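Following: one structure in structure tokens, then a few remarks.
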Amino acid sequence: MRWMIAVALLSLVGCKQQSSEPQQQPAGSPPAAARKLTIGFSQVGAESAWRTAETKSIRGEAEKRGVELKFSDAQGKQANQINAISSFIAQKVDAIVLAPVVETGWEPVLTQAKEANIPVILVDRGIKVSDESLYTTLIASDFVEEGKMAAEWLAKKTNGKARIFELQGTTGAAPAIDRKKGFEAALKNYPEMTIVKSQSADFTRAKGKEVMEAFIKSDRENIQAVYAHNDDMALGAIQALEEAGMNPGKDVTLISIDGVKGAFEAMIAGKLNATVECNPLMGATVFDTVAKVRAGEKVPKFIQSKDQLFEQSTAAQVISSREY
Ligand code: GZL
194 MRWMIAVALL
204 SLVGCKQQSS
214 EPQQQPAGSP
224 PAAARKLTIG
234 FSQVGAESAW
244 RTAETKSIRG
254 EAEKRGVELK
264 FSDAQGKQAN
274 QINAISSFIA
284 QKVDAIVLAP
294 VVETGWEPVL
304 TQAKEANIPV
314 ILVDRGIKVS
324 DESLYTTLIA
334 SDFVEEGKMA
344 AEWLAKKTNG
354 KARIFELQGT
364 TGAAPAIDRK
374 KGFEAALKNY
384 PEMTIVKSQS
394 ADFTRAKGKE
404 VMEAFIKSDR
414 ENIQAVYAHN
424 DDMALGAIQA
434 LEEAGMNPGK
444 DVTLISIDGV
454 KGAFEAMIAG
464 KLNATVECNP
474 LMGATVFDTV
484 AKVRAGEKVP
494 KFIQSKDQLF
504 EQSTAAQVIS
514 SREY
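Just so you know, the numbering used here puts 423 at position 230 of the sequence shown, and the rest follows in order with no gaps.
The following block contains the structure:
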């Protein structure tokens, strides 16, 4: 009987700080209960400063809590994520954390996780599945809301009149789909704000520069505003505009999303006008959620990160307090 109480106590502290001393096994308790929590984390890749900050937050928190984190960088390929999840299942991890590169194509591998009784926690991007029991919860921002915030800010800044060029995120990714959806929904209230051209630049700075160069080539005189689904693409666009002798932040108004340090530096330099923060620092929430799930607690299907918009006027005073 005593060993059962010991096991119950140990499993409750399983995700918290593991003492540096090798844990003394209470007499007679099965070794499994005291072993380190093992989590499989399938990450999209390292395509942006935001992504790097998210990875750092989750890996740092695992370290802090003595959790064994099996980390896999998919380099932007869903097939690599599916292989990683299959491997985590074979290794019988205690839980899987997945940042899904795209919304669809997850049923088969997540069904395997469900059959193996391994909870799946989605971070930062959602998925489309017919059976919502294939994942326990999604910890993310509301991308539709971010798109609306960006459009409303741009409408105010341009008095409701702008020819807009849009740099979309990765095709098929929830943030790209929903940031576009939210932006366009808000634009319905402003008939003189139009998206002249819209193209994916895959959330990267290099592609953001490339696509902006093409926009400049075809529509130089037409470009009044740029809406980028993340700061990295906006920074690439700023580079392209400057190389073309144009004036980003002045002749061309730019708004993007993420709130990474580079965006604050660009706002201070007067080249980016605003950014909508999308907080990547999810580490503590991820492992608190894993602990609740393992303790049998009910968790909400969507755990929303709070976002806010930052402009040039406050960039200099807040940059020192930015954590990513
Ligand atoms: C948002 C995240 C997006 C960021 C990009 O949660 O999925 O992916 O906005 C990142 O910077 O590449």
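A virtual CB, placed ideally from N, CA and C, is assigned to each residue, including glycine. Here the structure is a predicted model, which is why all the values come from computation and not from measurement.
| Item | Value |
| --- | --- |
| Simplified DSSP state of alanine 292, which is helix, strand or coil | coil |
| Closer than 7 Å: tryptophan 299 CB and nearest the ligand GZL heavy atom | no |
| At least 3 beta-carbon pairs within less than 8 Å: the stretch 419 to 426 vs the stretch 383 to 397 | yes |
| Where the alpha helix (DSSP H) containing serine 506 begins and where it ends | 505 to 511 |
| Heavy atom of the ligand GZL within 7 Å of arginine 515 beta-carbon | no |
| Neighbourhood of glycine 476 by C-beta, 7 Å cutoff - its chain only, sequence neighbours within 5 removed | Ser250, Ile251, Gly253, Glu254 |
| Residue nearest to valine 286 in terms of C-alpha spacing, selected from Asn273, Ile275, Ala309, Val295 | Ala309 |
| Any non-hydrogen atom of the ligand GZL closer than 7 Å to serine 241 Cβ | yes |
| Segments assigned alpha helix (DSSP H), at least 4 residues, entirely inside the stretch 393 to 449 | 398 to 412, 424 to 436 |
| Beta-bridge partners of glutamine 497, as assigned by DSSP | Ala333 |
| Cβ distance (whole Å) where aspartate 424 is taken to contact alanine 456 below 8 Å | 4 Å |
| Secondary structure of leucine 502, DSSP reduced to three states | strand |
| Alpha carbon of serine 513 to alpha carbon of threonine 297, nearest angstrom | 39 Å |
| Rounded C-alpha distance that separates serine 235 from threonine 248 | 10 Å |
| Distance cut-off 7 Å: phenylalanine 396 Cβ against heavy atoms of the ligand GZL | yes |
| N-terminal and C-terminal residue of the alpha helix (DSSP H) that threonine 304 is part of | 300 to 308 |
| Chain-order list of residues whose beta-carbon lies under 7 Å from that of alanine 367 (same chain, five-residue window excluded) | Glu296, Arg318, Gly319, Phe336 |
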